[in-house]
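What follows is a set of notes on a single structure, which appears directly below.
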Amino acid sequence: MRTPNSNMNTGLRKGKWSHEEDQMLIAYISRYGIWNWSQMPRFAGLARSGKSCRLRWMNYLKPNIKRGNFSKEEEEIILHSHSVLGNKWSAIASKLPGRTDSEVKNYWHTHLKKRVSHYNKNPETHEQNGESTEFGCNNMDEMEQPVNHLNKVLESCATYEDDIFSSSSSTITSKDQEVDFRYDYYDTGSPGTIDDLQSFWQQLSPFENLEVGNTQLNMFSNDFFY
DNA sequence: AAAGCTTTCAACCGCGTGGGT
DNA sequence: AACCCACGCGGTTGAAAGCTT
65 MRTPNSNMNT
75 GLRKGKWSHE
85 EDQMLIAYIS
95 RYGIWNWSQM
105 PRFAGLARSG
115 KSCRLRWMNY
125 LKPNIKRGNF
135 SKEEEEIILH
145 SHSVLGNKWS
155 AIASKLPGRT
165 DSEVKNYWHT
175 HLKKRVSHYN
185 KNPETHEQNG
195 ESTEFGCNNM
205 DEMEQPVNHL
215 NKVLESCATY
225 EDDIFSSSSS
235 TITSKDQEVD
245 FRYDYYDTGS
255 PGTIDDLQSF
265 WQQLSPFENL
275 EVGNTQLNMF
285 SNDFFY
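Next comes the structure, spelled out in structure tokens:
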């Protein structure tokens, strides 16, 4: 993790995101949607780069992000997909509903890479131990039909997203605040008017003590709107 | 208990791509 | 055609946590 500091040239914060920053980003996107990552942080009252906001949202704050340990099936998908696609983390992650390319990449480097390289060096040892030639697969039927098995796994995953978005909303569970996120809510937003933003910040009661709100609003409204 | 080492993973950086002008 | 800008991707970094000695 990078050192939490600020960029002396731009005044933008770097490093670990605070809970307050997370809440501000979630609240802003839930209210106005995603319209322009590079401009949005100023409107949301965040001293972060658009890139940093986008990364934080895409990898950790987006409501359908799946956290926690990878299942055996997910491991198999990663291993098989990587053998076919190589380091195309985004393509691999697209086969794993709720998982991000970043998470898949980290999981590969920390867990799976070692397993694969060990297998490549000692295939006979693994076979003697009754392990499958498909890296993560122990079931002999699955070994004989790896592609069929993979397809079954992918099918079961395909229903996951449907389940998530078939409900009227999903809820941020890792944070205190509940926000209503609908499937097609994003990418339709606008920054909002000065009045909109003023009332938006006033409604963020948990952040009353932060140096946002009117001060922040004046800061950028002077050089942006006029 | 503490020092040193290793692992994990959140965040940053640079580059490629595509759309708009 | 050339340039600019926003976005997305993959590689890398380094603090924190966990483990070993």
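For what it's worth, this note's numbering labels the leading residue of the first sequence as 65, then goes sequentially. Backbone N, C-alpha and C define an ideal beta-carbon position, used for all residues, glycine too.
If you count every other CB in all the chains shown that lies within 10 Å of the CB of Val168, and 16 or more means buried, which is it? The residue you call residue 168 lines up with position 104 of the first sequence. When all chains shown are included, Val168 counts as buried.
Assess contact between the segment 135-149 and the segment 98-113, defined as three or more Cβ pairs (one per stretch) separated by less than 8 Å. Is contact present? Flag = no, the segment 135-149 and the segment 98-113 do not touch.
Buried versus exposed call for His175 [16 or more other C-beta atoms within 10 Å across all chains shown]: Along the first sequence, one-based indexing puts residue 175 at 111. Exposed: under 16 other Cβ atoms inside 10 Å.
Taking the alpha-carbon positions, what's the Asp259 to Asn100 distance? Here residue 259 refers to the residue found at position 195 when the first sequence is read from its first residue. Here residue 100 refers to the residue found at position 36 when the first sequence is read from its first residue. Distance between the alpha carbons of Asp259 and Asn100 is about 20 Å.
Assuming Leu89 contacts Leu125 under a Cβ cut-off of 8 Å, what Cβ separation, rounded to an integer in Å, is found between them? If you number the first sequence from 1, residue 89 lands on position 25. If you number the first sequence from 1, residue 125 lands on position 61. At roughly 6 Å, the Cβ-Cβ gap stays under 8 Å, so Leu89 and Leu125 are in contact.
Since Leu149 contacts Ala155 with CB under 8 Å, what's their CB separation in whole angstroms? Position 85 of the first sequence holds residue 149. Position 91 of the first sequence holds residue 155. Their Cβ separation, rounded to whole angstroms, is 5 Å, which keeps Leu149 and Ala155 in contact under 8 Å.
Of the residues Arg179, Lys178, Lys130 and Val180, the one placed nearest Asp165, counting alpha carbons only: Along the first sequence, one-based indexing puts residue 165 at 101. That would be Lys130, whose Cα lies nearest to the Cα of Asp165.
If we call anything under 7 Å between Cβ atoms a contact, is Phe264 one with Arg106? What you label residue 264 is simply residue 200 of the first sequence in a count that begins at 1. What you label residue 106 is simply residue 42 of the first sequence in a count that begins at 1. No, they are not a contact pair.
In angstroms with no decimal places, state the Cα-to-Cα distance between Gln267 and Leu261. Working through the first sequence from its first residue, we reach residue 267 at position 203. Working through the first sequence from its first residue, we reach residue 261 at position 197. Distance between the alpha carbons of Gln267 and Leu261: 10 Å.
Just the C-alpha distance for Arg179 and Gln103, rounded to the nearest angstrom, thanks. Counting from 1 along the first sequence, the entry for residue 179 is found at position 115. Counting from 1 along the first sequence, the entry for residue 103 is found at position 39. If you take the alpha carbons of Arg179 and Gln103, they lie about 43 Å apart.
Spatially closest choice to Gly97 from Trp121, Trp172 and His173, by CA coordinates: Indexing the first sequence from 1 puts residue 97 at position 33. Out of Trp121, Trp172 and His173, Trp121 has the C-alpha closest to the C-alpha of Gly97.
Taking the continuous alpha helix (DSSP H) assigned at Gly114, which residues delimit it? Within the first sequence, the letter at position 50 stands for residue 114. That run of the alpha helix (DSSP H) goes Gly114 to Arg120.
Buried or exposed: where does Lys351 fall if 16 or more other Cβ atoms within 10 Å of its Cβ makes it buried? Residue 351 lies beyond the residue range present for the chain, which begins at 65 and ends at 290; the question has no answer from this structure.
Quick one: grab the DSSP three-state call for Pro161. To locate residue 161, count along the first sequence from 1; it is residue 97. Three-state DSSP puts Pro161 in coil, outside helix and strand.
For the putative contact between Asn310 and Gly162, defined by C-beta atoms under 8 Å, what is the C-beta separation to the nearest angstrom? With the chain covering 65 to 290 only, the question about residue 310 has no answer from this structure.
Along the alpha helix (DSSP H) that carries Pro105, what are the first and last residues, could you check? Taking the first residue of the first sequence as 1, we reach residue 105 at position 41. Where Pro105 is concerned, the enclosing alpha helix (DSSP H) starts and stops at Met104 to Phe107.
Taking buried to mean at least 16 other C-beta atoms within 10 Å of its own C-beta, is Ser145 buried or exposed? By one-based count along the first sequence, residue 145 stands at place 81. That one is buried.
Using the beta-carbon count (16 or more within 10 Å), is Ser116 buried or exposed? Taking the first sequence and counting its residues from 1, one reaches residue 116 at position 52. Flag for Ser116 reads buried.
Between Tyr92 and the rest of its own chain, which residues show a CB-CB distance below 6 Å, the 5 nearest in sequence each way excluded? Locating residue 92 in the first sequence gives position 28, counting from the first residue. These residues qualify, in order along the chain: Ala108.
Put Trp101 into one of helix, strand or coil per three-state DSSP. Residue numbering aside, residue 101 sits at position 37 when the first sequence is read from its first letter. Coil at Trp101, not helix or strand.
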